[in-house]
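Heads up: the sequence shown at position 11 corresponds to 10 in numbering that gives the first Met the number 0, and the numbers run straight through without jumps. Where a beta carbon is used, it is the ideal one built from N, C-alpha and C, also for glycine. It should be emphasised that the depicted structure is a prediction, and the values quoted were computed from it without experimental measurement.
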Amino acid sequence: MDTRNKETKKRIITEAFPKLLQDNAFDITSKDTPDYNCIAWACKFDERWIQPPFLGKPNLDCVLWWPPGVPEGLEPDCLKKVFEYFGYTECDSGLHENGYCKIAIYYNEWTHAARELKNGYWTSKLGPQEDIQHGRPDYIENDVYGKIYCFMKKRFE
0 MDTRNKETKK
10 RIITEAFPKL
20 LQDNAFDITS
30 KDTPDYNCIA
40 WACKFDERWI
50 QPPFLGKPNL
60 DCVLWWPPGV
70 PEGLEPDCLK
80 KVFEYFGYTE
90 CDSGLHENGY
100 CKIAIYYNEW
110 THAARELKNG
120 YWTSKLGPQE
130 DIQHGRPDYI
140 ENDVYGKIYC
150 FMKKRFE
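Have a look at this one:
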């Protein structure tokens, strides 16, 4: 991605998430791709779109997937069960803990999940757009993504 294009994209992203303007960790870390969504990215997948099947495929080329045995719904507890399927348990905060990977679930229905990186920064997939790195999970709270509903953690693999 050329520098001018990247700066334009960063400006568009910070218009949607104004708190990123104060975030020195903010960066775009991938190209646009509709192959996976934020839930899949938080689960460390980049080849599937994780959402309840009743919503249908968001695009023709993606692989739609939902964990077997997990209730389908847009309630935040359904999304918590997705992460429990992968070994996460609810925790009190998004503060960095050595040896643990944390995720943040956002609620406005359930709209977003972000994952903590080993360096303590966070990563988010913005719909069919880019992945970004951000310094704190609350920096991407807004009217669309909502507020953080809960944090979950599991040991780094």
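(message) Please state the DSSP three-state secondary structure of W121.
(response) Translated into the one-based positions of the sequence shown, residue 121 becomes position 122. The three-state reading of DSSP puts W121 in strand, counting E and B together.
(request) Could you tell me whether the Cβ atoms of W109 and P75 are closer together than 8 Å? (result) In the sequence shown, the residue the question calls residue 109 occupies position 110. In the sequence shown, the residue the question calls residue 75 occupies position 76. Here W109 is near P75, since their CB atoms are less than 8 Å apart.
(request) Look at the alpha carbon of N23 and the alpha carbon of H133, and state the distance between them as a whole number of angstroms. (result) Your numbering for residue 23 matches position 24 in the sequence shown. Your numbering for residue 133 matches position 134 in the sequence shown. One C-alpha to the other measures close to 8 Å.
(message) What does the Cβ neighbour count give for Q21, buried or exposed, with the cut at 16 atoms within 10 Å?
(response) Start at 1 with the first residue of the sequence shown, and residue 21 comes out as number 22. The Cβ neighbour count for Q21, taken over all protein chains shown within 10 Å, is under 16; the residue is labelled exposed.
(request) Would you give the residue range spanned by the beta strand (DSSP E) that K101 belongs to? (result) Position 102 of the sequence shown, counted from the first residue, corresponds to residue 101. Start and end: 99-106.
(request) Kindly indicate which three-state DSSP category R3 falls into: helix, strand or coil? (result) For the purposes of this step, residue 3 is taken as the residue at position 4 of the sequence shown. Here R3 sits in helix by DSSP.
(request) With K146 as the anchor, note down where its beta strand (DSSP E) starts and where it stops. (result) Residue 146 sits at position 147 when you count from the first residue of the sequence shown. That run of the beta strand (DSSP E) goes 146-154.
(request) Would you mind giving the Cβ-Cβ distance between N141 and F25, rounded to the nearest angstrom? I have them listed as a contact below 8 Å. (result) Start at 1 with the first residue of the sequence shown, and residue 141 comes out as number 142. Start at 1 with the first residue of the sequence shown, and residue 25 comes out as number 26. Between N141 and F25 a beta carbon distance of about 14 Å is seen, past the 8 Å cut, so the two are scored as non-contacting.
(request) Give every residue of the same chain whose Cβ lies closer than 8 Å to the Cβ of D91, excluding the five residues on either side of it in the sequence, and list them in chain order. (result) In the sequence shown, residue 91 corresponds to position 92, counting from 1. Shown here for D91: same chain residues with a beta carbon closer than 8 Å to its own, the five before and five after excluded, namely F150 in chain order.
(request) Would you give the residue range spanned by the beta strand (DSSP E) that E89 belongs to? (result) Here residue 89 refers to the residue found at position 90 when the sequence shown is read from its first residue. For E89, the enclosing beta strand (DSSP E) begins and ends at 88-90.
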